[in-house]
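Taking it in order: structure first as structure tokens, then the write-up.
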Amino acid sequence: MTTKDLQPALQAERVLRPRTVEQLVVGRPTSDGAGVKLTRVLTQALQRRLDPFLMLDAFGSDNPDDYIAGFPDHPHRGFETITYMIAGRMLHRDSAGHEGLLENGGVQWMTAGRGVIHSEIPQQEEGVMEGFQLWLNLPARDKLCEPWYRDFSAAELPKFETGEGVAVTVIAGRSHGVEGAVTREASAPLYLDLHLLAGGRFFQSLPEAHNAFVYVYRGEVTIGDKQVAAQRMAILTKGEGSDGVVLEGAGPARVLLIAGQPLNEPIAQYGPFVMNTEQEIYQALSDFRDGRLVG
Numbered sequence: 479m480t481t482k483d484l485q486p487a488l489q490a491e492r493v494l495r496p497r498t499v500e501q502l503v504v505g506r507p508t509s510d511g512a513g514v515k516l517t518r519v520l521t522q523a524l525q526r527r528l529d530p531f532l533m534l535d536a537f538g539s540d541n542p543d544d545y546i547a548g549f550p551d552h553p554h555r556g557f558e559t560i561t562y563m564i565a566g567r568m569l570h571r572d573s574a575g576h577e578g579l580l581e582n583g584g585v586q587w588m589t590a591g592r593g594v595i596h597s598e599i600p601q602q603e604e605g606v607m608e609g610f611q612l613w614l615n616l617p618a619r620d621k622l623c624e625p626w627y628r629d630f631s632a633a634e635l636p637k638f639e640t641g642e643g644v645a646v647t648v649i650a651g652r653s654h655g656v657e658g659a660v661t662r663e664a665s666a667p668l669y670l671d672l673h674l675l676a677g678g679r680f681f682q683s684l685p686e687a688h689n690a691f692v693y694v695y696r697g698e699v700t701i702g703d704k705q706v707a708a709q710r711m712a713i714l715t716k717g718e719g720s721d722g723v724v725l726e727g728a729g730p731a732r733v734l735l736i737a738g739q740p741l742n743e744p745i746a747q748y749g750p751f752v753m754n755t756e757q758e759i760y761q762a763l764s765d766f767r768d769g770r771l772v773g
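In our numbering, the protein residues as written are 479 to 773.
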């Protein structure tokens, strides 16, 4: 019996009025943590346009000097982090007592809520370290919720293959009738990792009100009449009547497709704290300074 025989029964995604590319974005090289080199693809300037998503970082290097120091203890409040490890090994610990080893193809989903202090430290001294961290906003009603954490190994993430040459990992949301590892009612995130063969085509329906973008991390894909090269983010148009997106790969390509329902709430951010008002940011800073951030 093959892996294909074991996959869930698929439901075709109908896309009659596909979205096109509104804007191509080139990420900004930067460093974070204790000097980890990365590319910030979704920056603070795009938060309103891509609500409910706050940030997307891509990291990838085979030079240990670029990643070895990792991300020592640092705080978060008011949002969720989704770390997707393509290659490498990273140990996570947090103030709520959670600990996990994130390895090739795995995902760590953490809800900071009212506050956590955590660390992310590489568990290798050589080789490739590659992956992504996505920040997902929490609605005002949930910003001070209890922290939550879950590690998913590569084997635990739902996967399927289409008949048109695409292997899909469903980290969040629903695609072709397959439910992802995580769902969220308020923001309804969709997070797919797509591996397209040469000539592969992928159809994904999207609610017309949802914000959506594509990040190509290998190869090149075509969306409508636009070619999207590697290390480019394509922000997809949003308009009345659009019902999804179609991606095509002339050659092999690997792509993240991310979409979500806007929260349409004020965004106030100061570093690792994301709230709705400046006063709430001042409170977060005060709580962190005085040792009240975590319970």
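Yeah, the Cβ is synthetic: ideal placement off N, Cα and C, and Gly gets one too. Predicted model, so just to flag it, every value in this text is computed and none were measured.
Please work out which residues of its chain come closer than 6 Å, Cβ to Cβ, to residue i, disregarding the five sequence neighbours upstream and downstream, and give them in chain order.
| i | result |
| --- | --- |
| R732 | H673, Y695, R696 |
| Q739 | S665, A666, H688 |
| Q525 | L532, I745 |
| T561 | Q586, Q611 |
| S720 | R495, R497, E686 |
| A565 | N582, V606, E608 |
Give me the Cα-Cα distance between residue i and residue j, rounded to the nearest whole angstrom.
| i | j | result |
| --- | --- | --- |
| L616 | M533 | 13 Å |
| S573 | V772 | 7 Å |
| L741 | E642 | 34 Å |
| P496 | A490 | 15 Å |
| P685 | S653 | 13 Å |
| E577 | E608 | 20 Å |
| W626 | Y693 | 27 Å |
| G591 | P667 | 17 Å |
| T481 | G511 | In this prediction, T481 scores a pLDDT of 48, lower than 50, which makes its location untrustworthy; the coordinate-derived value is nonetheless stated afterwards. Straight-line Cα distance between these residues: approximately 39 Å. |
| D768 | A762 | 10 Å |
| F751 | I546 | 25 Å |
| F681 | V499 | 15 Å |
| T539 | W587 | Rather than Thr, the amino acid found at residue 539 in this sequence is Ser. In a straight line, the C-alpha of S539 is about 23 Å away from that of W587. |
| Y748 | G717 | 31 Å |
| D544 | R506 | 16 Å |
| F610 | V724 | 23 Å |
| D765 | A712 | 38 Å |
| V493 | T517 | 32 Å |
| G702 | I759 | 41 Å |
| T715 | A523 | 17 Å |
| R679 | K515 | 33 Å |
| R628 | V644 | 27 Å |
| A737 | R770 | 34 Å |
| E624 | P530 | 20 Å |
| Q757 | T589 | 22 Å |
| Y669 | V606 | 23 Å |
| T700 | G575 | 44 Å |
Would you kindly check if the distance between the Cβ of residue j and the Cβ of residue i is under 7 Å?
| i | j | result |
| --- | --- | --- |
| A676 | P730 | yes |
| R567 | Q602 | yes |
| S631 | G584 | yes |
| A659 | I649 | yes |
| E604 | P550 | no |
| E598 | G548 | yes |
| G593 | R555 | yes |
| E663 | L614 | no |
On the CB-based measure, 16 or more other CB atoms within 10 Å of its CB, does residue i come out buried or exposed?
| i | result |
| --- | --- |
| D671 | buried |
| A690 | buried |
| L520 | buried |
| D535 | buried |
| L502 | exposed |
| V504 | exposed |
| T661 | exposed |
| G651 | buried |
| G722 | buried |
I'd like the list of long-range same chain contacts for residue i, defined as Cβ closer than 7 Å, with 5 residues on each side in sequence excluded.
| i | result |
| --- | --- |
| M479 | For M479, the pLDDT reaches just 43, beneath the cut-off of 50, and the residue's location in the model is therefore unreliable, although a value from the coordinates is still provided. Around M479: no qualifying Cβ. |
| L569 | L579, I599, Q601 |
| P636 | V648, V656, E657, G658, A659 |
Can you name, in chain order, every residue of its own chain whose Cβ lies under 8 Å from the Cβ of residue i, other than the five neighbours on each side?
| i | result |
| --- | --- |
| N467 | Outside the displayed span of the chain (479 to 773) sits residue 467, for which this structure offers no information. |
| E698 | Q705, V706, A707, A708, G727, A728, G729, A731 |
| H552 | G511, I595, H596, S597, P750 |
| L429 | Past the edges of the chain, shown from 479 to 773, lies residue 429, and the structure says nothing about it. |
State yes or no: is the C-beta of residue i nearer than 6 Å to some heavy atom of the ligand SAH?
| i | result |
| --- | --- |
| L616 | The ligand SAH is not part of this structure, which contains no ligands at all. |
For the stretch 614-657, which segments carrying the beta strand (DSSP E) assignment without a break, of at least 3 residues, lie completely within its bounds, in sequence order? 626-630, 637-639, 644-650
Could you give the uninterrupted runs of the beta strand (DSSP E) lying entirely in the stretch 537-561, keeping only those of 3 residues or more? The beta strand (DSSP E) runs of length 3 or more contained entirely in the stretch 537-561 are, from start to end of the chain, 549-554.
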